[in-house]
Amino acid sequence: MNRIITLTTDFGSSDGFVGTMKGVILNINPQASIVDITHDIAPQNIEQGAFLFANACGFFPANTIHVVVVDPGVGTSRRPIAMQIGETFFVAPDNGVIAPAMTNYPLPFRVVHLNRPQFFLPRVSHTFHGRDIFAPVAAHLSLGVPLDALGDAIDDWTQLDIAMATRDTDGAIVGKVVHIDRFGNLITNIPGGILGGLTRVHLAGRVLIGIRQTYAEAALGEPLALVSSSGTLEIAVRNGNAAVAFGIEIGTTVRVTS
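The opening position of the sequence shown corresponds to residue 0 in numbering that gives the first Met the number 0, with each subsequent residue numbered one higher.
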């Protein structure tokens with residue numbers, strides 16, 4: 000059965016972890032189509048993983064199976080879970096990493112605790128549940144195994160407490176950098192739709208004036224602010240690297256004023 004299985008992890012590409020997960024899936028279902036969303040999430044950064052996955056998953060067909068593994072609690076008492084919304088499945092640790100994505104799916108959903116080891120690999124390590132639990136479960140789902148066969152139903156799965164942009168008493172919007180893309184662009188958690196007439200962006204002791212529509216509206220090497228493709232405020236340097244230019248890391252505070 001040919002089903003799309005996506006993979007989102009913080010594993011990177013240098014250690015073979017992702018390739019191993021793909022091997023596990025293909026051994027169970029050789030016809031599966033595996034798509035990488037990203038494997039460059041900062042290690043253990045659940046919030047960043049949740050943000051990137053939520054921005055991507057809604058563009059896939061309805062019968063996709065999504066595997067998301069950003070799992071600093073691997074091997075502990077945190078539960079492995081699977082969720083079904085319509086024809087779409089999610090397989091992940093119960094740490095909230097898939098919670099923000101639920102806004103893409105305004106449908107009833109069911110969640111199970113993955114506690115049926117017959118759907119895991121024969122040996123489950125304490126440090127690689129992506130290989131030993133999540134990949135085989137996704138593969139079995141792709142073969143038509145129903146959600147209820149994989150574990151017991153739960154309703155207390157973890158909701159991720161992602162910090163949202165706030166508004167100060169003076170009317171300023173305060174948010175933070177939640178992602179730095181490969182171009183060095185700074186992606187914030189400030190929705191473009193709430194900016195209104197606020198046009199001065201403050202971060203790292205610098206002020207950018209004006210919200211541009213495109214990168215090309217700035218001169219080469221000039222910093223600029225615009226609304227990113229994900230719909231949130233972004234700070235960039237045209238044909239440059241804003242993270243390097245500003246000395247910015249994920250979590251840096253951003254303020255927007257009039």
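Using N, Cα and C, we set each Cβ at its ideal position, and we do this for glycine too.
Remember, it's a predicted structure, so these values are computed and weren't measured experimentally.
| Query | Result |
| --- | --- |
| Residues near A61 in its chain [Cβ-Cβ closer than 7 Å; skip 5 each side] | G85, E86, T87 |
| Sufficient close CB pairs (3 or more, under 8 Å) joining the region 164-177 to the region 133-145 | no |
| Beta-carbon gap between G174 and V226 smaller than 7 Å | no |
| Close-in-space but distant-in-sequence residues of the same chain around L261 (CB under 8 Å, 5 per side omitted) | Any answer about residue 261 is impossible in this case: the structure gives the chain only from 0 up to 257. |
| Beta carbon of V200 nearer than 7 Å to that of V243 | no |
| Rounded distance between the beta-carbons of P92 and R77, thought under 8 Å | 6 Å |
| Nearest-angstrom Cα separation, counted from I193 out to N26 | 48 Å |
| Distance cut-off 6 Å: A137 Cβ against heavy atoms of the ligand ADP | Here there are no bound small molecules, and the ligand ADP is not part of this structure. |
| Helix, strand or coil at Q264 according to DSSP, with G and I counted as helix | Coverage of the chain is limited to positions 0 through 257, which leaves residue 264 absent and any answer about it impossible. |
| Strand pairing of E221, partner residues [DSSP] | Its beta-bridge partners do not exist; DSSP assigns none. |
| Alpha-carbon to alpha-carbon, M20 and L51 | 20 Å |
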